[in-house]
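*Asks:* The following block contains the structure, expressed as structure tokens.
There are 6 protein chains.
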Amino acid sequence: MEQCSSLGKTALLIAMAEGELIDTYAASARDKGFAVTYGKVGSMDIQKIIAAIETAARREGLVDERYRSQHALYHAILDALQGLGRGQIQLGNVLRTVGLRFSIVIGPRTLKDTDDLWLAVGMYGMIGAPIKGHEHEVCGLGINHL
Amino acid sequence: MEQCSSLGKTALLIAMAEGELIDTYAASARDKGFAVTYGKVGSMDIQKIIAAIETAARREGLVDERYRSQHALYHAILDALQGLGRGQIQLGNVLRTVGLRFSIVIGPRTLKDTDDLWLAVGMYGMIGAPIKGHEHEVCGLGINHL
Amino acid sequence: MEQCSSLGKTALLIAMAEGELIDTYAASARDKGFAVTYGKVGSMDIQKIIAAIETAARREGLVDERYRSQHALYHAILDALQGLGRGQIQLGNVLRTVGLRFSIVIGPRTLKDTDDLWLAVGMYGMIGAPIKGHEHEVCGLGINHL
Amino acid sequence: MEQCSSLGKTALLIAMAEGELIDTYAASARDKGFAVTYGKVGSMDIQKIIAAIETAARREGLVDERYRSQHALYHAILDALQGLGRGQIQLGNVLRTVGLRFSIVIGPRTLKDTDDLWLAVGMYGMIGAPIKGHEHEVCGLGINHL
Amino acid sequence: MEQCSSLGKTALLIAMAEGELIDTYAASARDKGFAVTYGKVGSMDIQKIIAAIETAARREGLVDERYRSQHALYHAILDALQGLGRGQIQLGNVLRTVGLRFSIVIGPRTLKDTDDLWLAVGMYGMIGAPIKGHEHEVCGLGINHL
Amino acid sequence: MEQCSSLGKTALLIAMAEGELIDTYAASARDKGFAVTYGKVGSMDIQKIIAAIETAARREGLVDERYRSQHALYHAILDALQGLGRGQIQLGNVLRTVGLRFSIVIGPRTLKDTDDLWLAVGMYGMIGAPIKGHEHEVCGLGINHL
Ligand SMILES: [Mg+2]
Ligand SMILES: [Mg+2]
Ligand SMILES: [Mg+2]
Ligand SMILES: [Mg+2]
Ligand SMILES: [Mg+2]
Ligand SMILES: [Mg+2]
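Residue numbers (numbering that gives the first Met the number 0), protein chains in the order written: chain A, 0 to 145; chain B, 0 to 145; chain C, 0 to 145; chain D, 0 to 145; chain E, 0 to 145; chain F, 0 to 145.
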């Protein structure tokens, strides 16, 4: 994580981190100038995943009350959900459920070129049937200009 | 990477690693019992990306000559490409190009339950217009039973 | 609208018209020989939008009780919904809502060639988050042979 | 059916058979070494169709309790549903309903090469509006390695 | 085939038939009042498959020179291709190839209700990597009002 | 057009206008404070349509050389292309061609709330088989924050 200087990788590494590493990674990213938040959500409803991420972003001040920042976030979430759903942005409707860790990171696309703000949404977790252990990993990354 | 005990995260971390870390991560994953290969590909043609990954897997012996292992790999690649393309599995046709690092990892879904073989394809890189610097990060993960 | 001689543009202009212009446009289209109806619907459920359009068409006699005319209408609606949903034909499931004005127009594809009946569905409105003002315009057009 | 030596055609012919032919076809397929089950399901919910097929497969022992066989079945079902939905894997959400006969067949891809196990899901039935007679035929076939 | 009284099943059975059965099935369908043609096509290009089917339909007089009948055929082909492609209507672009038998059948949806003309396109064949034997079965059915 | 105070409708009306009305509409929109350009493109290649629109926007100064404005434009084009393609963002690959008029409009979403910049891409034209007269109307609208 120390060498990580790009927005999307930062988002993915935080979403994939476990235990104490999560806070360590987030702190490291903040030190470099990224704004960061993260959280967890498990659901069979896509709209609950979107709502959890939007709520986290708003609560932590990563997006403001203006529509344009929320529009940027919404479409970054939809893009990340394409990696999650791989063909259909549906969960319960196609009899599957997901347990996710997500992150939202705001900053330049890379620390080499810091005069522009972008937004990344990272997702990492397990997707599968509603049967214990019947699941495999899944991830998603969405990037948008802010 | 030391703590990483799952197939998909292993594939993603290797695809996202840079410089000497790539070999270090691959070696660490092999020590745990995963079969691993990785490579790079840049193209405006989806079929060249698929071919590069299939060729790497075959050359390194991760899939054999039987159709079933190549079928498993093909669909894992397609799944990973959904995260990459986010809605269309197309590049040059929609005037975009990609520079990727990819990995293929074979092993159990998690080291806690080693009696079953699965396959993960990880992709990480830059997607964008065919103009220098006009690009952002992208990733994909596909998982299939072997 | 006076110069408009094609089916799809007629449908779009009526769907996009406001206030008294709606009736004026519809009357102008009927004078040229098009059958026209229109209406409004707001919902987070795609099926309610489909039902509202199908009901309007049936009530105004634009489609009859035979399945073939309703099949033509249904697929024209689905096509228009692709422009609305841009990738997913989903609303509430992906945490968005829509307020639409729609039109159904039946006639030749163009007044220059009147010996064939086609059907157009036009949609125009606002799509966005379930938060006041957090929305932008959206449109859709579906055309089918009758 | 006597000449049928391939997995997918076997699945389709059983799903399309009527009356006594269903059992005759299934018996003929079993004589050749295929494992077969079949059933009926009508619904506006995709998840009920998936559940009906998964339940039939499990009850008849075509898949065991391990995730890998259920993963193979799940993705074969999703593939077959693409033929059914033709663009959206949705039913009630887009105001349509389906009445299906389905089959699950396990065996080699073809009797000429019997050293490998694959799985086929066949679907055949009627799709349409929730109005009697307003429907047309639909089919789907999904094939996966087991 | 003798008992087959519906448009779509007729199309599928002809597309799936082999050897002399093809002509026998087509003749049986014509005796019942269906117009029928069929053919073969192998390609990595979706447009060649569409062209082969459109050419067969035109040559055999199943569609006339008017756009409406060709529009009906085109969208039935696209629908059938959804079953074939299962998520992407692409072949060579995603490094796969197809060998198909197809049929076009025109008539009522069912012989019980003969006062309406519909069109069915059936497809059956093998899809896979451009490596001998690395392929599995695939099918598609598209139905449209004429 | 006089009453038109919103970004997307402005884009659609300009794309749908004919003859002298095009310039009149564009001038009216510019008077209200919108930045506007428009053009024509006919092609069987999606990438040529994207390139034509991007080139027009750059030449007229609607987007600058920074990636963020070109990213906003690119995704607005892709969104508009969903209305055009209705399920597949493909033309020649699925044996169809398009003749389009397009517009790019920059400004507030509505004149009532002018403190924010958005971008709209409107498309209107004919889509069909590569046979004269075998085509019907099509439209698309994409909106993005700038
Ligand atoms: Mg939007
Ligand atoms: Mg396959
Ligand atoms: Mg239909
Ligand atoms: Mg899976
Ligand atoms: Mg059409
Ligand atoms: Mg982008």
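Each residue gets a CB set at the ideal place from its N, CA and C atoms; glycine is no exception.
Rounded to the nearest angstrom, what separates Leu116/A and Arg108/F at their Cα positions?
*Replies:* 21 Å
*Asks:* Does any CB atom of chain D fall closer than 7 Å to the CB of Leu80/A?
*Replies:* no
*Asks:* Out of curiosity, what's the CA-to-CA distance linking Gly141/F and Leu99/A?
*Replies:* 30 Å
*Asks:* Beta-carbon of Ile103/C versus every beta-carbon of chain D: anything under 7 Å?
*Replies:* It does not; no Cβ of chain D falls within 7 Å.
*Asks:* Out of Leu90/D, Leu72/D, Arg67/D, point me to the one whose CA is closest to Thr54/D's CA.
*Replies:* Leu72/D
*Asks:* Which residue's Cα is closest to the Cα of Ile105/B: Asn92/B, Lys31/B, Glu17/B, Gln81/B?
*Replies:* Checked all of Asn92/B, Lys31/B, Glu17/B, Gln81/B; the closest Cα to Ile105/B is Lys31/B.
*Asks:* Identify the contact partners of Gln87/D in chain C, using a Cβ-Cβ distance below 7 Å as the criterion.
*Replies:* Ile88, listed in chain order.
*Asks:* So is Glu134/D buried or exposed if we call it buried at 16+ other beta carbons inside 10 Å?
*Replies:* buried
*Asks:* Just verifying my parser: in three-state terms, what is the DSSP assignment at Lys131/D?
*Replies:* coil
*Asks:* Would you mind listing the alpha helix (DSSP H) stretches within the stretch 49-89 of chain E that are 4+ residues and don't spill past its ends, in chain order?
*Replies:* 66-84
*Asks:* Assuming the contact rule is C-beta atoms closer than 8 Å, Val97/A and Val137/A should be a hit. Round their C-beta distance to whole Å, please.
*Replies:* 7 Å
*Asks:* Go ahead and pull the three-state DSSP assignment for Arg27/E.
*Replies:* It is worth fixing the name first, because residue 27/E is Ser in this sequence and not Arg. Of the three classes helix, strand and coil, the one that applies to Ser27/E here is helix, per DSSP.
*Asks:* So for Met15/C, helix, strand or coil by DSSP?
*Replies:* Look at Met15/C here: in three-state DSSP terms it is helix.
*Asks:* From Ala16/D to Met122/E, what does the alpha carbon distance come to, in whole angstroms?
*Replies:* 18 Å
*Asks:* Measuring CB to CB, does Ala119/E end up less than 7 Å from Leu6/E?
*Replies:* The answer is yes: Cβ separation under 7 Å.
*Asks:* Check the Cβ of Asn143/F against every Cβ in chain E and list those closer than 7 Å, keeping chain order.
*Replies:* In chain order: nothing, as chain E lies at least about 25 Å away.
*Asks:* Please look up how many angstroms separate the CB atoms of Val93/C and Ile88/A, rounded, as I've assumed it's under 8 Å.
*Replies:* 6 Å
*Asks:* Kindly identify the DSSP beta-bridge partner or partners of Thr36/D.
*Replies:* DSSP output for Thr36/D lists Ile103/D as bridge partner(s).
*Asks:* If the criterion is Cβ atoms closer than 7 Å, does the pair Met148/F and Gly91/F meet it?
*Replies:* The structure shown does not extend to residue 148/F, since chain F is modelled only from 0 to 145, so the question has no answer here.
*Asks:* Taking C-beta pairs closer than 9 Å, name the residues in chain E that Leu77/B reaches, listed in chain order.
*Replies:* Gly86, Gln87, Val93
*Asks:* Mind reading off the beta-carbon distance from Gln69/B to Ala25/E? Whole number of angstroms is fine, and I expect it under 8 Å.
*Replies:* Not a contact, Cβ separation roughly 36 Å.
*Asks:* Please report how far the alpha carbon of Phe33/C lies from the alpha carbon of Glu59/C, in whole angstroms.
*Replies:* 13 Å
*Asks:* If you draw a straight line from the alpha carbon of Met0/D to that of Leu12/D, how long is it in whole angstroms?
*Replies:* 7 Å
*Asks:* With distance defined between alpha-carbon atoms, name the residue in Phe101/A, Tyr66/A, Asn143/A, His144/A nearest to Lys131/C.
*Replies:* Tyr66/A
*Asks:* Identify the contact partners of Tyr66/B in chain E, using a Cβ-Cβ distance below 7 Å as the criterion.
*Replies:* Gly132, His133
*Asks:* Buried or exposed, going by whether 16 or more other CB atoms sit within 10 Å of the CB of Asp22/B?
*Replies:* Taking all protein chains shown into account, Asp22/B has fewer than 16 neighbouring C-beta atoms within 10 Å of its C-beta and is therefore exposed.
*Asks:* Cβ closer than 8 Å: which chain D residues qualify as neighbours of Ala50/C?
*Replies:* Leu94
*Asks:* Within 10 angstroms of the Cβ of Gly82/C, are there 16 or more other Cβ atoms? Answer buried if so, exposed if not.
*Replies:* buried
*Asks:* For Ala56/C and Ala14/C, what's the separation of their Cα atoms in angstroms?
*Replies:* 14 Å
*Asks:* Excluding the five sequence neighbours on either side, which residues of its own chain have a C-beta within less than 8 Å of the C-beta of His74/B, listed in chain order?
*Replies:* Excluding its 5 nearest sequence neighbours in each direction, His74/B has C-beta neighbours in its own chain below 8 Å: Gly141, Asn143, listed in chain order.
*Asks:* For a test of the three-state rule: what should DSSP assign to Asp112/D, helix, strand or coil?
*Replies:* Asp112/D carries a strand assignment under DSSP once its states are collapsed to helix, strand and coil.
*Asks:* Alpha carbon to alpha carbon, how far is Cys3/E from Asp78/A? Give it in angstroms, no decimals.
*Replies:* 46 Å
*Asks:* Report the neighbours of Met15/D on chain E: residues whose CB is nearer than 8 Å to its CB, in chain order.
*Replies:* Lys8, Leu11, Leu12
*Asks:* Roughly how many angstroms lie between the CA atoms of Ser27/E and Thr9/E, to the nearest whole one?
*Replies:* Roughly 10 Å separates the two Cα atoms.
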